[in-house]
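Residue numbers (this note's numbering): 1481 to 1676.
The C-beta atom is built at its ideal place from N, Cα and C for all residues, glycine as well.
Note that the coordinates shown come from a computational prediction; the quantities given were computed from them, not determined experimentally.
First the structure, in the form of C-alpha cells, and then the observations on it.
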Amino acid sequence: MKQSTRMPQENQTILTDCELLEAMKANSNSAFDSLYERYWLMVYQAAFKRLRDESAAEDITQDIFLQLWLRRSELQIEYLKAYLLTSVRNNVLKRLEKEQRIVAVDNLLEEISINKGAADAALIEKELKRLYETIISNLPKAQQQIFRMRFEEDLSTAEIADQLQLSRKTVQNQLGKSVQHLKESLLIWALLFLMK
C-alpha cells in the first residue's frame, strides 16, 4: 500500500508573524485571528502585571488588537512582539494618567522588593529617595518652598499662605503643580523600572 505524500493538515507550515501581518494588510481575517491567538495571552499578562486588574488588562488587550486591525494598512511593524509590548506600556501609562492614579512610595518599594528581591530593594529605595529629592530640587523656587512646607513641615495651605503672605488659592495652585510634576515623574520611573 502506497503512503500518501501529502502532509496532514496539522503539520502544515506555520506562517511567520511577518507573513501574517502582510496577509492581514490584505484584509485576511484568518491572519488576524492567528496573530490574536498567538499573542493574546502575552499581551493580557503584560497588562495585568502592571495593573493588577483583570478587567482593565482585558480592556487594554482588546483595544490593542482592535487598533492592530483598524490600522492594519498603515502600520509598519518589523517585530510584532516588541510592538505589542510597547503598546501595552503606552496603554497602561495612558490609563493611569486618565485615572490620575498615584503610586505611593511605600507601595512602590513593596512592589520592588517582591519583584526584584530584598537585596536590591535597599539599593532601589536609596535611588528612589535620591530621585525624589532631585525632582523636588528642580521645581521652581516658589513651588519647591510650598511643597516642602506642606509635606516636610506638615503645614496646612492656610498656614503656608499666612507665612508666605500669599493667597491660599495661589498656594493651592502652586502645590497642585508641584504634586502633579512629582507624580508624573515618579510614575514614569516606576513603570519603566517595573517593566524591566
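Determine, using beta carbons only, whether I1615 and L1644 come nearer to each other than 9 Å.
Counting from one through the sequence shown, the residue named residue 1615 turns up at place 135. Counting from one through the sequence shown, the residue named residue 1644 turns up at place 164. Not in contact: I1615 and L1644 (Cβ atoms no closer than 9 Å).
Let's test the definition: count the other Cβ atoms within 10 Å of the Cβ of S1567 and tell me whether it reaches 16, buried, or not, exposed.
Working through the sequence shown from its first residue, we reach residue 1567 at position 87. Counting Cβ neighbours within 10 Å, S1567 comes out buried, since at least 16 surround it.
Here's the rule I'm using: 16 or more other beta-carbon atoms within 10 Å means buried, otherwise exposed. How should E1554 be labelled?
Position 74 of the sequence shown, counted from the first residue, corresponds to residue 1554. Under this definition E1554 is an exposed residue.
I need the straight-line Cα distance from R1648 to L1611, nearest angstrom please.
Taking the first residue of the sequence shown as 1, we reach residue 1648 at position 168. Taking the first residue of the sequence shown as 1, we reach residue 1611 at position 131. Roughly 29 Å separates the two Cα atoms.
Got a sec, what are the start and stop residues for the alpha helix (DSSP H) I1626 sits in?
Along the sequence shown, read from residue 1 onward, the residue named residue 1626 stands at position 146. 1621-1631 is the extent of the alpha helix (DSSP H) around I1626.
Between L1500 and S1665, what straight-line distance do the alpha-carbon atoms span, to the nearest angstrom?
Here the question's residue 1500 lines up with position 20 in the sequence shown. Here the question's residue 1665 lines up with position 185 in the sequence shown. For L1500 and S1665, the gap between their C-alpha atoms comes out near 38 Å.
Using a Cβ-Cβ distance cut-off of 9 Å, determine whether W1549 contacts chain B.
In the structure shown, chain B cannot be found, because there is only a single protein chain.
Along the chain, where does the alpha helix (DSSP H) containing R1441 start, and where does it finish?
Here the chain comprises residues numbered 1481 to 1676, so residue 1441 is not present and cannot be evaluated.
Beta-carbon separation of L1548 and L1515 under 9 Å?
Here the question's residue 1548 lines up with position 68 in the sequence shown. Here the question's residue 1515 lines up with position 35 in the sequence shown. The answer is yes: Cβ separation under 9 Å.
Alpha carbon to alpha carbon, how far is L1662 from L1608?
Position 182 of the sequence shown holds residue 1662. Position 128 of the sequence shown holds residue 1608. CA-to-CA, the gap between L1662 and L1608 works out to about 12 Å.
Contacts around N1571, its chain only, beta-carbon distance under 6 Å, and the 5 residues preceding and following it disregarded:
Mapped onto the sequence shown, residue 1571 falls at position 91. If we look at N1571 and ignore the five residues flanking it on each side, its Cβ neighbours are I1540.
Range of the contiguous alpha helix (DSSP H) that encloses Q1556:
For this step, residue 1556 is matched to residue 76 along the sequence shown. Per DSSP, Q1556 is not a residue of any alpha helix (DSSP H), being assigned neither H nor E.
Starting from the C-beta of S1658, find all residues in its chain whose C-beta is less than 6 Å away, skip the five residues before and the five after it, and write them out in chain order.
As a working note, residue 1658 is residue 178 in the sequence shown. Only L1619, Q1623, F1627 meet the Cβ criterion.
Buried or exposed: which applies to Y1559, given that a residue is buried once 16 or more other Cβ atoms fall within 10 Å of its Cβ?
The count along the sequence shown starts at 1 and reaches residue 1559 at position 79. When all chains shown are included, Y1559 counts as exposed.
Would K1561 and D1513 be called neighbours here (beta carbons separated by less than 9 Å)?
For the purposes of this step, residue 1561 is identified with residue 81 of the sequence shown, where counting begins at 1. For the purposes of this step, residue 1513 is identified with residue 33 of the sequence shown, where counting begins at 1. For the pair K1561 and D1513, the CB atoms are not nearer than the 9 Å cut-off.
Can you give the Cα-Cα distance for I1494 and A1511, rounded to whole angstroms?
Walking along the sequence shown from the start, residue 1494 turns up at place 14. Walking along the sequence shown from the start, residue 1511 turns up at place 31. Looking at the backbone, the Cα of I1494 and that of A1511 are separated by about 11 Å.
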